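Following: one structure in structure tokens, then a few remarks.
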Amino acid sequence: MANYQPNPYQQPQPPQQPPYPNPYQQQPPPNPYQQPPWGAPPQGPPPGPQAPYPAAPQQPGGSKVPVLGRLIGAGIIVVALLFSSFFGWEGLYAAGVRGVHGELKVDKCTVKYERYRTHGHYRTRRSYDCYGTFTSDDGKTKDINAVLDTELRYDADETVSVTQSGEAVSTSRDYDYVVSDAKHAGFNFAGSFALLIAVALGVFCAATGYFPGRRCKVSYSEAWRASARGATRPAVIVIGAIGAVGALVSLLLGYML
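Counting along the sequence shown from 1, when you hit position 126 you're at 126 in full-length UniProt numbering, and nothing is skipped either side.
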């Protein structure tokens, strides 16, 4: 077989160019179910960073509860309980339940004035020191230098029902005396119960962070809704109701008895 010899006079053919794409030719839509061949690079844009999870919804007033509201509520609770205990203790002496009950025979009463400041104004309080002799109901206790600090003035030789509450703090007298009758006992117990309403307000403020004032960041409606999720609202209602009913009953008994 003879070897093929190229024709030296034949011109070389130019390389064929690929056909230009027709911009007016419609391309078929891609098949979403077609899988790329094995080993082929992934199609499409590279995956970007994943979107963060949405933040959990915050509870009403959860992030806005200030520390100041809780501190104010705790302060209200402490102060109200102290004054409530004081009035209740005085009420027990006024009712004759504690101390030594007896009668004070008045010799004379002297007036005294005490000046104090309230709401930016100075006021004067008038009271009386009534001197006399105290004799207990059983006759075992007698004090000839008894002094009764009272807002009412008694006449000489008038007998007043009193209770010896204990040793006096002042050095000018030996014992302290409290007028013992239903009216004074009712007023003291009414004050003790009324301060429980302030305790209920303190519990509400301490639990929700709400307090009356411009600096409070929690509205009353948010605080009231937040109090329904636990035992705050029942506790506030029960304590406030006990204070209101107890104060009303104490005043009525004080006037009726």
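Cβ atoms here follow ideal geometry from the backbone N, Cα and C, with glycine treated the same way.
Computed from a predicted model, the values in this text were never measured in an experiment.
query: His119: buried (16+ other C-beta within 10 angstroms of its C-beta) or exposed?; result: exposed
query: To the nearest angstrom, how far is it from the Cα of Gly91 to the Cα of Val100?; result: 14 Å
query: So the candidates are Tyr177, Tyr210, Gln164, Gly166; which of them puts its Cα closest to the Cα of Leu148?; result: Tyr177
query: Take residue 259 and list the residues in its own chain whose beta-carbon comes closer than 8 Å to its own, dropping the five residues that flank it on each side.; result: Residue 259 lies beyond the stretch modelled for the chain, which goes from 1 to 257, so this question has no answer here.
query: From this set, Leu201, Ala185, Arg225, Gln164, which residue's C-alpha is nearest Val249's C-alpha?; result: Ala185
query: Please report the Cβ distance between Asp157 and Val111, rounded to the nearest whole angstrom; I am assuming they are in contact, meaning their Cβ atoms lie under 8 Å.; result: Not really, about 19 Å apart at Cβ, beyond 8 Å.
query: What's the gap between the Cα of Val245 and the Cα of Arg126?; result: 32 Å
query: Please classify Leu252 as buried or exposed, where buried requires at least 16 other C-beta atoms within 10 Å of its C-beta.; result: exposed
query: From this set, Tyr113, Ser85, Thr135, which residue's C-alpha is nearest Gly102's C-alpha?; result: Thr135
query: Reducing DSSP to helix, strand and coil, say where Gly102 ends up.; result: strand
query: So, under 8 Å CB-CB, Thr208 and Ala226 are touching, yes? Tell me the CB distance rounded to an integer number of Å.; result: 5 Å
query: Under a three-way DSSP split, which group does Phe211 fall into?; result: coil
query: Residues in its own chain within less than 6 Å of Val236 by CB, not counting five upstream and five downstream?; result: Ala200, Val203, Phe204
query: Is Ala194 closer than 7 Å to Ala247 when the C-beta atoms are compared?; result: yes
query: Would residue 265 be called buried (16 or more neighbouring beta carbons within 10 Å of its own) or exposed?; result: In the structure as shown, the chain begins at 1 and stops at 257. Residue 265 is therefore absent and cannot be evaluated.
query: Which residues in the same chain have their Cβ closer than 6 Å to the Cβ of Thr159, if we skip the five residues on either side of it in sequence?; result: Glu103, Lys105
query: Would you identify the three-state DSSP class for Met256, choosing helix, strand or coil?; result: helix
query: For Ala95, which of helix, strand or coil comes out of DSSP?; result: coil
query: Classify Val238: buried if its beta carbon has 16 or more other beta carbons within 10 angstroms, exposed otherwise.; result: exposed
query: In three-state terms, what does DSSP make of Thr118?; result: strand
query: Would you tell me roughly how many angstroms separate the C-alpha atoms of Gly254 and Ala182, rounded to the nearest one?; result: 5 Å
query: With DSSP collapsed to three states, give me the class of Ala244.; result: helix
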